[in-house]
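Participant:
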Amino acid sequence: MSWRGWLTLALSVAAVLAGLAIWNENNHLKTRGPAEYRPDYVLNDFTMVSLNQQGTEALTVSAPQLRRNPDTQAMDLDTPTFLFPDRNNRRWRATAKTAWVSAKGEQVKLRGDAVVDSPVGDANQGRIASPTLDVFTEKGKERATSQDAVVITKPGTIIKGRGLDADFNQDRVVLHNEVRIQYAPQAAR
Amino acid sequence: KTSDRKQPTNIEADQGQMSTKDDTPSILDGNVSVVQGTMTAKGAHGTVWSRKGKAYRMLMTGSPVVLTEILDDGSPMKATAANVDYNLDTDIAVFTGNVVITQPKGTLNSEKVTYNMKTGTVNSGGGPGQRVHMVLQPKSGA
């Protein structure tokens with residue numbers, strides 16, 4: 040085989056090896072769970088206000104610990120307490136065992152006993168509880184979704200279902216499956 | 161039955177759009193069932209109004225809606241209709257569309273029936289040209 044043949048063979052092998060290395064690294068990146076990366080910074084016992092692109096508050100969060108993923112700039116938090124302002128500047132409060140916050144703070148994934156409470160003093164004081172809740176903070180389109188079982192409570196009413204889409208501004212909640220509602224009795228006659 | 165209003169109202173459906181605000185209707189779709197004490201209503205679609213956690217009006221449509229209830233005098237009542245608009249505060253139910261009301265004392269067919277679920281009194285009439293058909297059972301031994 041001429042030297043050109045050997046050169047072509049060598050280059051082909053090198054290309055295959057390079058491809059394998061890249062494929063392996065990608066896989067490694069994907070399987071990196073929240074806790075498996077080495078954070079580029081860690082905050083302890085903090086309160087943080089995250090601003091959106093308009094420069095207004097997207098969310099405020101307090102937690103014992105926050106770790107930032109250097110690759111995605113997303114953040115992982117333990118037992119966080121979030122405050123989400125809606126269009127009327129009322130604060131919805133959310134807690135969970137853990138949370139993941141996207142780099143720009145426009146999406147929050149609450150995991151483990153996730154709870155969202157409507158603003159304090161709101162005429163329609165209510166609570167949404169589910170094993171998982173995803174909160175989207177885009178200004179004017181603040182909402183929460185879940186694929187799990189959900190329980191919504193407000194004075195006198197219990198609403199259960201599976202698969203949620205809640206619009207914070209319209210105070211409107213859609214449940215996609217297995218809806219069960221219980222209203223309190225009318226006044227005793 | 162009057163005592164039904166002292167029971168919670170339980171509603172089931174496949175899907176639902178609810179509001180946390182008072183007086184804003186919750187819209188329910190698919191196998192809608194409403195139970196309050198002895199009153200049971202089943203239909204395809206339901207709209208429920210509530211205030212301070214208490215349901216006060218229920219509008220159901222179906223093909224047909226089937227509503228059953230035990231009246232204060234203990235007699236059973238069954239109604240089928242295309243639409244039922246039930247005011248849970250006044251106990252007045254308005255049935256419209258191919259209405260059939262069945263009770264031990266007889267059967268009533270009409271296009272529209274306004275029924276007082278507390279007293280069992282009926283105000284029926286479909287409108288011009290629509291007839292009411294009523295069959296009263298003879299008193300036993302008469």
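So the sequences go chain by chain: A and B.
Quick note on the numbering used here: the first sequence kicks off at 40 and runs consecutively.
Quick note on the numbering used here: the second sequence kicks off at 161 and runs consecutively.
We treat Cβ as the ideally placed atom computed from N, Cα and C, and that holds for glycine.
Model, not experiment: these values are computed from the prediction.
Tell me whether L116(A) sits in a helix, a strand or coil according to DSSP, three-state version.
Facilitator: DSSP places L116(A) in strand when its eight states are reduced to three.
Participant: Could you compute how far the alpha carbon of V194(B) sits from the alpha carbon of R182(A)?
Facilitator: Approximately 29 Å, taken between the alpha carbons.
Participant: Evaluate S223(B) with the Cβ neighbour count: other Cβ atoms within 10 Å of its Cβ, from every protein chain shown; 16 or more gives buried, anything less gives exposed.
Facilitator: S223(B) is exposed by the Cβ-count criterion.
Participant: Kindly identify the DSSP beta-bridge partner or partners of M220(B).
Facilitator: BP columns for M220(B) point to G206(B), V244(B).
Participant: Along the chain, which unbroken stretches of the beta strand (DSSP E) at least 3 residues long are found entirely within the stretch 159 to 218 of chain A?
Facilitator: Complete beta strand (DSSP E) runs here, min 3: 166 to 175, 182 to 193, 196 to 206.
Participant: How about the stretch 155 to 171 of chain A and the stretch 165 to 174 of chain B: do they share at least three Cβ pairs that are nearer than 8 Å?
Facilitator: Counting Cβ pairs under 8 Å, fewer than three are found: no touch.
Participant: Identify the contact partners of A242(B) in chain A, using a Cβ-Cβ distance below 8 Å as the criterion.
Facilitator: The premise fails here: A242(B) is roughly 23 Å from chain A at the closest Cβ pair, so nothing lies under 8 Å.
Participant: With a cut-off of 8 Å on the beta carbons, I'd call T192(A) and I220(A) a contact; round off their distance for me.
Facilitator: Wrong, their Cβ atoms sit about 11 Å apart, outside the cutoff.
Participant: How is R106(A) classed by DSSP in three states: helix, strand or coil?
Facilitator: R106(A) falls in the strand class under three-state DSSP.
Participant: Looking at the C-beta of G213(B), does it have a partner C-beta in chain A at a distance below 7 Å?
Facilitator: For G213(B), the answer is yes, since a Cβ of chain A falls inside 7 Å of its Cβ.
Participant: 7 Å is my cut-off, CB to CB: does P224(A) come that close to chain B?
Facilitator: For P224(A), the answer is yes, since a Cβ of chain B falls inside 7 Å of its Cβ.
Participant: Can you tell me whether K148(A) is helix, strand or coil according to DSSP?
Facilitator: Here K148(A) sits in strand by DSSP.
Participant: Return the residue from the list R211(B), T184(B), Y216(B), T221(B) that minimises the CA-CA distance to K202(B).
Facilitator: Closest by alpha carbon: T221(B).
Participant: Taking a Cβ distance cut-off of 8 Å, strictly less, list which residues of the stretch 194 to 207 of chain A are near chain B, in chain order.
Facilitator: Residues P194, G195, T196, I198, G200.
Participant: Please state the DSSP three-state secondary structure of L82(A).
Facilitator: Note: L82(A) maps to strand in three-state DSSP.
Participant: Spatial neighbours of N276(B) within its chain, please: C-beta separation below 7 Å, excluding the five flanking residues on both sides.
Facilitator: Answer for N276(B): D251, I252, listed in chain order.
Participant: Nearest-angstrom Cα distance between Q93(A) and R129(A)?
Facilitator: For Q93(A) and R129(A), the distance between alpha carbons rounds to 18 Å.
Participant: Relative to the alpha-carbon of T207(A), which residue among R107(A), T111(A), T176(A) has its alpha-carbon at the smallest distance?
Facilitator: Here residue 207(A) is Phe; the residue named in the question, Thr, does not match the sequence. The candidate whose alpha carbon is nearest that of F207(A) is T176(A).
Participant: Let's see if you can read the secondary structure: which residues bound the beta strand (DSSP E) around M178(B)?
Facilitator: Where M178(B) is concerned, the enclosing beta strand (DSSP E) stretches over 175 to 179.
Participant: Run through DSSP, which three-state label would T267(B) get?
Facilitator: Looking at T267(B) - three-state DSSP - the assignment turns out to be strand.
Participant: Does the separation of the CB atoms of D117(A) and T137(A) fall below 7 Å?
Facilitator: Cβ distance < 7 Å, so D117(A) and T137(A) count as in contact.
Participant: Determine the burial state of R243(B): buried for a count of at least 16 other Cβ atoms within 10 Å of its Cβ, exposed for fewer.
Facilitator: Reading off the sequence shown, one finds Asn at residue 243(B), where the question assumed Arg. Label assigned to N243(B): buried.
Participant: Taking buried to mean at least 16 other C-beta atoms within 10 Å of its own C-beta, is K161(B) buried or exposed?
Facilitator: Answer is buried; the Cβ neighbour count reaches 16.
Participant: In or out: V81(A) buried (at least 16 other Cβ within 10 Å) or exposed?
Facilitator: Its Cβ having fewer than 16 others within 10 Å, V81(A) is exposed.
Participant: Beta-carbon of G176(B) versus every beta-carbon of chain A: anything under 7 Å?
Facilitator: Yes, because at least one Cβ of chain A sits closer than 7 Å to the Cβ of G176(B).
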